[in-house]
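By the UniProt record's numbering, the letter at position 376 of the sequence shown is numbered 376, and the numbering carries on one by one without gaps. C-beta: ideal position from N, C-alpha, C; glycine also.
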Amino acid sequence: MAFQKAVKGTALIGGGAIATVFGLSQFSQYRNKHGTFVRVQAAEAVAVPIKNDFPTREQQILALQTTSEFDVLVIGGGATGCGCALDAVTRGLKTALLERDDFSSGTSSRSTKLIHGGVRYLQKAIMKLDFEQYKMVKEALEERAHLLEIAPHLSAPLPIMLPVYKWWQLPYYWFGIKLYDIVAGSQCLKSSYVLSKSRALELFPMLRKDELVGAIVYYDGQHNDARMNLAIALTAARYGAATANYAEVLCLLKTTDPASGKERVCGVRCRDVLTGQEFDVKAKCVINATGPFTDSVRKMDDQEVPNICQPSAGVHIVMPGYYSPDNMGLLDPATSDGRVIFFLPWEKMTIAGTTDSPTDVTSHPIPTEEDINFILNEVRNYLSVDVEVRRGDVLAAWSGIRPLVTDPNSKDTQSISRNHVVTISDSGLVTIAGGKWTTYRAMAQDTIDAAIQAHDLKAGSSKTVGLQLQGAEDWSPTLYIRLVQDYGLESEVAQHLASTYGDKAFEVAKIAQVTGKRWPIVGKRLVSEFPYIEAEVVYGVKEYARTAVDMISRRTRLAFLNVQAAEEALPRIVDIMAKELNWSEQKKKEELEAAKKFLYYEMGYKVKSDQLTDSSEISLVPSDIERYKKRFHMFDKDKKGFITILDVQRVLESISVQIAENTLHDILNEVDLNKNGQVELNEFLQLMSAIQKGHVSGSRLAVLMKTAEENLRQRVVIPVDRSGGGL
């Protein structure tokens, strides 16, 4: 009854808003029908022919070396840089792009995976009467609709629940969310709605019940950020842009303008990171789209120029999928320190974040234990007491650097701009900075417009509205069924390929290896619990992947989903890449070590190790200590004080269980803190203590020893698959 009254009161408060939304919904249907036609026309207006395939990296490097002068040269292979390249090349401009690492290796692959306008920004715009912030939200909501349309295989609408725990908040939040719908106008994905307490718990059963009043659900978009970035880069390459990853800009080239006598940027000196070869690339216009590294490129142009980038670190964690429903996110609008936390289903896992704290600019940001625990504590506040939020369930963690900027053209240069900023230096260097993932296309359009005007380039208007990205053209929601029927792929694998490669999934399926099983016929998985297959590694090399890190983090997303699974897949990935790229044994070893270092520092593996160290406290009651000692001595028959692979093998043989020696080595290595090839009693007790406290989960050794103890007489098969336990 109280809930009904609150909803009625809410309706009265926002009656005008409802009427407006209803009117807009009718208008939206009209606009969507005609808007699609307009977008198709825009795409067809591209005069530049698109190739069936993209050139090899070697061909791209050759084009960079042999082209006398490009119209536009973009520095930076993130979403904005690749967007600039695509916008420029589809206008008919001769375009090049250089990225010193891999496409999307920085901020663009480390986002919250949302395509959104920003509910919190709209709130600030209204509360502070900030028209600039309102315009940013409006633009982002328009671009959200565009992005969902041009890459439907990589993106989709996602309902997000905002739980309400105080009655007065219900009309307050409802009004704000309805305004979000209204600002979206014809681009509103689906209308938001109010839920009763019982209905909210039905849709999100993990939610904390105490004092829950109800909930509001609104819609935003979600995507696979790294693959989206790559799709933009590949589309630009197919239209003729000379794009190259692992091509580092060493310095800017300048010439003196005979008319004005001023120095003008006319290109760059760059180095092929893979071969060490250096060469010049000339261009009429050079664009700096380097995100957090904006100021380092600006200082190549002018050492005295003040910094405009204010880097901010955002940490995210990934937890098992059972922490959230399959198709419902959660928004915590007011955390303990005022920040916003999202809790979202992604790739059948659960992603939570983000933090927002000042940081130094680095190519290798590292998630901290403090940030991880902050996110976990906020998650605990919203989940039911029945759900134990364990530190050990963190499967991966990463930090991304958001390049907030101060506008050098503004009178108040200390004011942080949430919008993007385009500046042109005295020597003609065009810089695009700030903004957000969702608005990459609009940012690119503004940048190329400014470049055309500043450098008197001959080109028309932008053609990227409605321009479909790599894989979108012939994609449909049922495409995966053809993959299952035509190639004999597992349904889960087929769905993954369709949602990752779009209509190019057939190219991956064609090179998939025969399994030798009755089913699936083709498609050998890299790891058992994820749908990534070996053929994707071969195809990834074609997509310009040149390191093992490229493969585990951006061509597949294994590193972002489960670092232990990524490490498990690494040897096979390196073997396949070695065959494709003719790596020596030494190169294979280097790649394996580099990838493990990446997982250890940048993807949260280090914080896993920190949970279980030589100095870890053993906080077990005496009865538990005795129980675990007996279990340990069941394996340590000789009372040596440690167990080895031979000890474990002996017990397993006694119950007729066989496990490969390399698997046993991996199992013991997870617990072997001092890496001496054996597990001491103290290490085992530290492990069991950490498991009890929730700091460690999914230890295969703990599961194996417990199961062996319980089933010695029954001779039951012991499961040794990695359980999905986290960091």
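For a test of your reading of the model: does the CB of residue i fall under 7 Å from any non-hydrogen atom of the ligand ADP? Yes or no.
| i | result |
| --- | --- |
| MET577 | Only the bare structure without any ligand can be found here, which leaves the ligand ADP out of the picture. |
Could you name the residues that DSSP lists as bridge partners for residue i?
| i | result |
| --- | --- |
| TYR218 | ILE160 |
| VAL422 | ILE432 |
| CYS84 | Note: CYS84 sits in no beta bridge, so no partner. |
| MET349 | TRP346 |
| HIS223 | SER155 |
| TYR193 | VAL217 |
| ASP332 | ILE341 |
| PHE103 | Bridge partners of PHE103: none, in fact. |
| GLY267 | LEU253, LYS282 |
My guess is that residue i and residue j are in contact by the Cβ rule of under 8 Å, so how many angstroms apart are they, rounded?
| i | j | result |
| --- | --- | --- |
| GLN59 | LEU158 | That belief does not hold up - the Cβ atoms of GLN59 and LEU158 are roughly 38 Å apart, past 8 Å. |
| LEU122 | PRO163 | Their Cβ separation, rounded to whole angstroms, is 19 Å, which puts LEU122 and PRO163 out of contact at 8 Å. |
| ALA559 | ALA566 | 4 Å |
| MET603 | ALA396 | 5 Å |
| ASP503 | GLY471 | 6 Å |
| VAL89 | GLY240 | 6 Å |
| SER623 | LYS693 | At roughly 17 Å, the Cβ-Cβ gap does not stay under 8 Å, so SER623 and LYS693 are not in contact. |
| residue 728 | CYS270 | Outside the displayed range of the chain (1 to 727) lies residue 728, so it cannot be described from this structure. |
Measuring only between beta-carbons, confirm whether residue i sits less than 8 Å from chain C.
| i | result |
| --- | --- |
| THR56 | In summary, chain C is missing from the structure at hand, where a single protein chain is found. |
Determine the burial state of residue i: buried for a count of at least 16 other Cβ atoms within 10 Å of its Cβ, exposed for fewer.
| i | result |
| --- | --- |
| PHE598 | buried |
| PRO367 | buried |
| LYS262 | exposed |
| TRP437 | buried |
| GLY516 | exposed |
| THR478 | exposed |
| ALA47 | exposed |
| THR275 | exposed |
| GLU593 | exposed |
| SER108 | buried |
| TRP346 | buried |
| ILE250 | Sequence check: residue 250 is Leu here, not Ile. Exposed. |
| PHE632 | buried |
| LEU62 | exposed |
| SER198 | exposed |
| residue 762 | There is no way to answer for residue 762, as the model of the chain reaches only from 1 to 727. |
| SER476 | exposed |
| ALA259 | exposed |
| LEU646 | exposed |
| ASP53 | exposed |
Does residue i come out as helix, strand or coil in the three-state DSSP assignment?
| i | result |
| --- | --- |
| PHE343 | strand |
| ASP280 | strand |
| GLN310 | strand |
| MET319 | strand |
| PRO70 | According to the sequence shown, residue 70 is Phe rather than Pro. Three-state DSSP puts PHE70 in a strand. |
| TRP398 | strand |
| ILE511 | coil |
| ALA444 | helix |
| PRO171 | helix |
| LEU404 | strand |
| GLY474 | A quick correction: the sequence has Asp, not Gly, at residue 474. Coil at ASP474, not helix or strand. |
| LEU207 | strand |
| LYS629 | helix |
| LEU526 | coil |
| GLU710 | helix |
| THR663 | helix |
| THR362 | coil |
| LEU561 | helix |
| SER701 | With the sequence shown as reference, residue 701 is identified as Leu, and Ser is not the correct amino acid for it. Reduced to three states, the DSSP call for LEU701 is helix. |
| ARG39 | Legend: pLDDT at ARG39 = 48, less than 50; position of this residue unreliable, no value from coordinates given. |
| residue 730 | Not covered by the structure: residue 730. The range shown for the chain is 1 to 727. |
| ILE150 | helix |
| ASN288 | strand |
With a threshold of 8 Å, are at least 3 pairs of Cβ atoms found where one atom belongs to the stretch 346-360 and the other to the stretch 304-320? yes
Can you find at least 3 beta carbon pairs, one from the stretch 79-94 and one from the stretch 289-299, that sit closer than 8 Å? yes
I'd like to know if the stretch 220-234 and the stretch 393-409 are in contact, where contact means that at least 3 CB-CB pairs between them fall below 8 Å. no
Between the stretch 561-578 and the stretch 518-535, do three or more beta carbon pairs fall short of 8 Å? yes
Quick check: the stretch 426-434 against the stretch 446-462, are there 3 or more CB pairs under 8 Å? yes
Check whether the stretch 374-384 and the stretch 326-342 are in contact - that is, three or more C-beta pairs closer than 8 Å. yes
Counting pairs of Cβ atoms below 8 Å between the stretch 483-490 and the stretch 137-147, do you hit three or more? no
Contact the stretch 314-329 vs the stretch 92-104: 3+ CB pairs below 8 Å: no
Quick test of the definition: if touching needs 3 or more C-beta pairs under 8 Å, does the stretch 530-539 touch the stretch 550-558? yes
Three or more beta-carbon pairs under 8 Å between the stretch 298-307 and the stretch 318-329, yes or no? no
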